[in-house]
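Worksheet: the structure to be examined is printed underneath.
Residue numbers (my numbering): 4 to 363.
Right under this line is the structure:
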């Protein structure tokens with residue numbers, strides 16, 4: 004057995020990051036589907052989390068990602084006040100090359116076979132149109148189009164929630180819940196990032212962006228010519244005078260290489276699993292950098308898709324997402340009270356809610 008496989012099994016059964024209830028490996032040879040569905044917890048209700056479609060380097064890497072993402076969803080849903088546990092699915096492959104209607108239908112049948120223990124939605128590499136296809140085989144599907152009884156794109160409320168977390172961070176650091184006059188660097192201006200830029204510009208922030216896709220950058224600069232562009236993420240995090248860094252692409256943005264050179268005083272972004280490994284949150288704290296836990300501030304999307312299960316109402320969802328401001332401030336207060344980093348404080352609050360549910 005390879006070292007990577009040992010790592011997967013250790014995470015699942017023995018590490019503090021484990022504790023998953025169920026992991027399902029899915030395959031449909033006719034369509035080429037290879038997927039992993041990870042259910043971390045159903046203590047608060049059916050597991051809810053998106054489907055990521057990504058060209059992983061190996062099946063083991065895909066399983067590890069599903070384990071980490073599903074655990075994060077348990078904590079996110081708990082702190083968002085939802086009656087849902089955490090789950091996540093990953094489909095292995097380049098969506099631009101292998102995604103087909105038949106493959107998505109096969110995936111829908113896999114999710115349906117779990118009988119409602121896992122409710123799926125969009126994530127990196129999957130879109131509203133994809134969920135409409137999955138829903139043809141699986142009624143436990145959210146993130147569908149309004150034409151098909153869904154709520155549509157959840158990126159809008161995800162960005163709104165991140166903006167609320169950023170406002171709370173500004174209140175905590177500078178005593179004023181606004182980004183006016185602050186310089187904010189946004190890494191990744193795709194599904195969520197470009198909406199976040201809009202909030203920031205409207206609030207009066209100076210915005211610097213970067214993205215590996217030129218068309219994503221151009222979409223933002225065409226709409227907001229005043230937005231500046233950094234060559235890449237490495238250049239962005241070293242920008243002189245940067246106040247806030249917002250990672251909005253894939254996870255692992257904060258690691259042993261980036262934290263020492265980060266110029267920002269606040270990190271608050273939409274990406275999942277921003278901390279590359281345990282201990283990074285302490286490195287940030289030692290440098291005096293405030294970290295707004297990713298799974299707290301990016302919960303707007305899951306608030307939206309959860310609401311879809313009960314008859315979607317945008318205003319109701321936006322009101323719930325607005326509370327991310329108060330939740331973020333409460334986490335900063337708990338961190339100060341307990342003398343721990345905000346990420347640890349958020350974990351304690353989420354774990355307490357899940358533990359109370361188990362005892363109920």
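Every residue gets a Cβ at the ideal spot worked out from N, C-alpha and C, and that includes glycine.
Using DSSP's beta-bridge definition, name the partner residues of residue i.
i           : result
residue 31  : 36
residue 188 : 211 and 248
residue 285 : In the DSSP output, where bridge partners are listed per residue, residue 285 has none listed.
residue 270 : 248 and 294
residue 232 : 212
residue 25  : 42
residue 278 : 257
residue 262 : Its beta-bridge partners do not exist; DSSP assigns none.
residue 94  : 38 and 56
What is the DSSP secondary structure of residue i, counted as helix, strand or coil?
i           : result
residue 321 : helix
residue 242 : coil
residue 196 : helix
residue 116 : coil
residue 127 : coil
residue 59  : coil
residue 145 : coil
residue 309 : helix
residue 41  : strand
residue 204 : helix
residue 122 : strand
residue 54  : strand
residue 88  : strand
residue 4   : For residue 4, the predicted model reports a pLDDT of 37, less than 50, meaning its position is unreliable and no value from the coordinates is stated.
residue 343 : coil
residue 183 : coil
residue 102 : coil
residue 150 : helix
residue 166 : helix
residue 64  : helix
residue 301 : coil
So, for residue i: in the same chain, excluding its five sequence neighbours on each side, which residues have a beta-carbon less than 8 Å away from its beta-carbon?
i           : result
residue 111 : 136, 137, 138, 139, 140, 141 and 144
residue 181 : 170, 173, 206 and 207
residue 131 : 125, 146, 147, 148, 153, 155 and 156
residue 344 : 284, 285, 287, 288, 294 and 338
residue 73  : 23, 41, 42, 43, 50, 52, 89, 90 and 91
residue 319 : 310
residue 234 : 213
Under the rule that 16 or more other beta-carbon atoms within 10 Å means buried, what is residue i, buried or exposed?
i           : result
residue 28  : exposed
residue 194 : buried
residue 281 : exposed
residue 30  : exposed
residue 317 : exposed
residue 100 : exposed
residue 16  : exposed
residue 211 : buried
residue 348 : buried
residue 217 : exposed
residue 226 : exposed
residue 55  : buried
residue 196 : buried
In its own chain, which residues sit with a C-beta less than 7 Å from the C-beta of residue i, not counting the 5 before and 5 after it?
i           : result
residue 107 : 133, 136 and 137
residue 104 : 136
residue 83  : 302, 305 and 306
residue 330 : 82 and 299
residue 309 : 51, 85 and 87
residue 243 : 266
residue 290 : 262
Leaving out the 5 sequence neighbours to the left and right, which residues in its chain are closer than 6 Å to residue i when beta-carbon positions are compared?
i           : result
residue 219 : 192 and 193
residue 67  : 11
residue 215 : none
residue 332 : 171
residue 109 : 31, 34 and 36
So, does the stretch 330–337 touch the stretch 182–194, judging by three or more C-beta pairs under 8 Å?
no
Does the stretch 194–204 come close enough to the stretch 158–171 that 3 or more CB-CB pairs lie under 8 Å?
yes
Would you call the stretch 291–300 in contact with the stretch 260–276, where contact means no fewer than 3 C-beta pairs closer than 8 Å?
A contact exists between the stretch 291–300 and the stretch 260–276.
Under 8 Å: do the stretch 86–103 and the stretch 47–61 share three or more Cβ pairs, one atom per stretch?
yes
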